[in-house]
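In our numbering, the protein residues as written are 818 to 948.
Ideal Cβ positions, reconstructed from N, Cα and C, are used throughout, including at glycine.
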Amino acid sequence: MVEKGATFGVNWGIMATHQLPPKKVVRMLEDNGFDKLKLFEADGRILTALIGTKIEVMLAVPNFMLQEMSQEPVAADTWVDANVTSYCYSGGVNIKYVAVGNEPFLKTYNGTYLQTTLPALKNIQEALNNA
Numbered sequence: 818m819v820e821k822g823a824t825f826g827v828n829w830g831i832m833a834t835h836q837l838p839p840k841k842v843v844r845m846l847e848d849n850g851f852d853k854l855k856l857f858e859a860d861g862r863i864l865t866a867l868i869g870t871k872i873e874v875m876l877a878v879p880n881f882m883l884q885e886m887s888q889e890p891v892a893a894d895t896w897v898d899a900n901v902t903s904y905c906y907s908g909g910v911n912i913k914y915v916a917v918g919n920e921p922f923l924k925t926y927n928g929t930y931l932q933t934t935l936p937a938l939k940n941i942q943e944a945l946n947n948a
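Rendered as structure tokens:
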């Protein structure tokens with residue numbers, strides 16, 4: 818049983834062979850009461866479809882970008898500008914959180930992201946602070 822005031826969220830990845838149009842997916846989310854969304858990768862088409870909705874969004878910096886983000890603060894600035902700042906305005910996208918990496922410490926990655934996750938996180942945080 819769901820308590821009154823409970824909220825529901827969903828994860829949305831873009832690695833699919835047959836993607837539904839983002840506007841259609843956003844409409845389905847709203848129609849079914851989902852008010853939280855995690856995007857595993859920032860996608861302009863999806864972010865554009867979310868403009869004007871009340872859905873709270875968590876954007877993720879994908880693992881393949883951690884190396885660059887950890888070494889190049891400008892890359893973090895560019896990512897934040899393109900994917901957060903460009904959509905965060907009155908009536909824009911309700912971006913609440915930015916996740917850096919997706920389970921980067923899993924054993925299956927064999928330590929690939931151990932040295933890059935924290936520096937990438939720091940650079941993204943700095944870029945968000947400066948945005």
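Is residue 938 helix, strand or coil by DSSP?
-> Reading the sequence shown from its first residue, position 121 is the one you call residue 938. Of the three classes helix, strand and coil, the one that applies to residue 938 here is helix, per DSSP.
Beta-carbon contacts of residue 1013 that lie in its chain and below 8 Å, excluding the five residues immediately before and after = Because the chain spans 818 through 948 in this model, residue 1013 falls outside it and cannot be assessed.
Would you grab the beta carbon distance between residue 933 and residue 876 for me? Rounded to a whole angstrom, and I think it's under 8 Å.
-> Here residue 933 refers to the residue found at position 116 when the sequence shown is read from its first residue. Here residue 876 refers to the residue found at position 59 when the sequence shown is read from its first residue. Not quite, the Cβ-Cβ distance comes to about 18 Å (not below 8 Å), so this is no contact.
What number of angstroms, rounded off, separates the C-alpha of residue 945 from the C-alpha of residue 894?
-> Counting from 1 along the sequence shown, the entry for residue 945 is found at position 128. Counting from 1 along the sequence shown, the entry for residue 894 is found at position 77. Just so you know, the alpha carbons of residue 945 and residue 894 end up roughly 8 Å apart.
Assess, as a yes-or-no matter, whether the region 919-927 is touched by the region 859-866 under the definition of 3 or more beta carbon pairs within less than 8 Å.
-> The region 859-866 vs the region 919-927: no contact.
Residue range of the beta strand (DSSP E) that residue 826 falls in?
-> The residue labelled residue 826 in the question sits at position 9 within the sequence shown. From DSSP, the beta strand (DSSP E) with residue 826 extends over 826-829.
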